[in-house]
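*Asks:* Every letter in the sequence shown is one number past the one before it in full-length UniProt numbering, and letter 191, counting from 1, is 191. We put the CB at the ideal spot given by N, CA and C, even for glycine. Predicted model only: the values in this text are computed from it and were never measured.
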Amino acid sequence: FFKLSEFAAPLLEHYKKNPESCQPESARNEVISFLEGGVSDLSVSRSTFDWGVRVPWDDKQVVYVWFDALLNYATAVGLTDDPSSDGGKFFEKTWPADVHLVGKDILRFHAVIWPAMLMAAKLALPKKVFAHGWLLVGGEKMSKSKLTGIAPSDITDHFGVDAFRYYFMRAIPFGSDGSFSWEDMAARYTSELANDFGNLASRLAAMVEKYCDGILPNPAKDEELESALSKTVESADKAIVALDFQGGINAIMDFCKVVNGYVTIQQPWVVAKDESKKSELDAILYNTAESLRALAILLHPVMPLSTSKLWSYLGAESSLGPISSQKIADVAKWGQLKGGSKIIKGDILFPRLPDLES
Numbered sequence: 001f002f003k004l005s006e007f008a009a010p011l012l013e014h015y016k017k018n019p020e021s022c023q024p025e026s027a028r029n030e031v032i033s034f035l036e037g038g039v040s041d042l043s044v045s046r047s048t049f050d051w052g053v054r055v056p057w058d059d060k061q062v063v064y065v066w067f068d069a070l071l072n073y074a075t076a077v078g079l080t081d082d083p084s085s086d087g088g089k090f091f092e093k094t095w096p097a098d099v100h101l102v103g104k105d106i107l108r109f110h111a112v113i114w115p116a117m118l119m120a121a122k123l124a125l126p127k128k129v130f131a132h133g134w135l136l137v138g139g140e141k142m143s144k145s146k147l148t149g150i151a152p153s154d155i156t157d158h159f160g161v162d163a164f165r166y167y168f169m170r171a172i173p174f175g176s177d178g179s180f181s182w183e184d185m186a187a188r189y190t191s192e193l194a195n196d197f198g199n200l201a202s203r204l205a206a207m208v209e210k211y212c213d214g215i216l217p218n219p220a221k222d223e224e225l226e227s228a229l230s231k232t233v234e235s236a237d238k239a240i241v242a243l244d245f246q247g248g249i250n251a252i253m254d255f256c257k258v259v260n261g262y263v264t265i266q267q268p269w270v271v272a273k274d275e276s277k278k279s280e281l282d283a284i285l286y287n288t289a290e291s292l293r294a295l296a297i298l299l300h301p302v303m304p305l306s307t308s309k310l311w312s313y314l315g316a317e318s319s320l321g322p323i324s325s326q327k328i329a330d331v332a333k334w335g336q337l338k339g340g341s342k343i344i345k346g347d348i349l350f351p352r353l354p355d356l357e358s
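#1: Do L4 and V39 come within 7 Å of each other at the CB atom, strictly closer than that value?
#2: Measure the C-alpha to C-alpha separation of S235 and I343 and round it to an integer number of angstroms.
#3: In the structure shown, what three-state DSSP assignment does Q267 receive?
#4: Given this structure, state the Cα-to-Cα distance separating E36 from K127, to the nearest angstrom.
#5: Going by Cα to Cα distance, which pick from V31, T94, D58 is closest to V44?
#6: Go to V65, then tell me how far its alpha helix (DSSP H) extends in each direction, as first and last residue.
#7: How is the alpha helix (DSSP H) around F164 delimited, first residue to last?
#8: How would you call A121, buried or exposed, if buried means at least 16 neighbouring beta carbons within 10 angstroms?
#9: Which class does Q61 belong to by DSSP, given the choice of helix, strand or coil?
#10: Under DSSP, the beta strand (DSSP E) around F34 begins and ends at which residues?
#11: Return the chain-ordered list of same chain residues with a C-beta closer than 6 Å to the C-beta of S358, the five sequence neighbours on each side being excluded.
#12: Output needed for P10: all residues of its chain with C-beta closer than 7 Å, excluding positions within five of it in sequence on either side, in chain order.
#13: Can you look up V112 in the DSSP assignment and give me helix, strand or coil?
#14: Count the other CB atoms within 10 Å of the CB of I113; is the residue buried (16 or more) or exposed (fewer)?
#15: What does DSSP give as the partner residue(s) for C22 in the beta ladder?
#16: May I ask you to report which of helix, strand or coil DSSP gives V137?
#17: Quick check on this structure: which residue in F109, H110, D244 has the alpha carbon closest to the alpha carbon of A171?
#18: By a C-beta neighbour count over all protein chains shown, 10 Å radius and 16 as the cutoff for buried, is D50 buried or exposed?
#19: Taking all protein chains shown into account, do 16 or more other C-beta atoms lie within 10 angstroms of the C-beta of V302, making it buried, or fewer, making it exposed?
#20: Kindly give me the distance between the Cβ atoms of L193 and A163, rounded to whole angstroms, as I take these residues to be in contact under 8 Å.
Listed below in structure tokens is the structure:
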């Protein structure tokens, strides 16, 4: 037996003093309620199975899987290695985990048993345990017997991998159960990705090609766009760090709408008709491109394929380096795209969807 009961009070104190250590709030409340209800000692062996790690002193017993499996989190990163070895140094560098993501149905193993084991071993607890919800279809958990399961490949074949990643982080609050529907995903794909984001990139490339022979004008300023971007980076970063992926993406896509509104109000296609307003036209096109630079970086963790394409279309890699090396802290610094860069009118980032029936 593992004397789990001895650690109920310390765990309860830990979660009450550090509410961020178990999230979302519903998960934390569940753990606190469980601990307050009284915790029994845990049998760490079983005699009802013939598979598992044998107990050395009793070959009729195997170690309880939720005891030995949990140890892997620490041993896999070098817990049992010599402290002076590479493995031991890696453990010192990586432990404890900043975030431990688990399914809500195995929360108690990871928020009660595992931290109690760590306390017993005098090891630091994960800084945060976050329990994610279930993906539902028709309001119910996916079921093989009811044939309600959906293969991820069916979705990616239709919408693409980037749209798949975007939808499940954008449409469903992380930590809650969420329902998937083909119709909702198609609507968001068309409205948010194809129309708002993808079309903005296509319009910019087409206008730079038409009015500037495909060459990006010199840097320009727009205080409203700069201010909006600065606020976007701050709010999106804060949300993502808190694992509020939906909130972070919403903030980014709100900025995308701001940029679309900027283009609509400035009407570069009208300005282009007056040769005396060439500098004004150049400023509009540059500011739109610079906004797309920021959007590409901010959305890169969510949609790496399409944002990498956009990065190359903007001619950003030659002057700024790979998109993967860009720092969020530097995104809001305006004027990073170099004037004179070649803007490429590449493939449509989010093409028209085939009919769902097909």
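*Replies:* On the basis of the supplied data:
#1: yes
#2: 30 Å
#3: coil
#4: 22 Å
#5: D58
#6: 65 to 75
#7: 161 to 170
#8: exposed
#9: strand
#10: Not the beta strand (DSSP E): F34 falls in the alpha helix (DSSP H), residues 25 to 36.
#11: At S358 the pLDDT is 49, less than 50, meaning the model places this residue with poor confidence; the figure from the coordinates comes in the next sentence. The answer is none, since no qualifying residue turns up.
#12: M119
#13: helix
#14: buried
#15: V129
#16: strand
#17: D244
#18: exposed
#19: buried
#20: 6 Å
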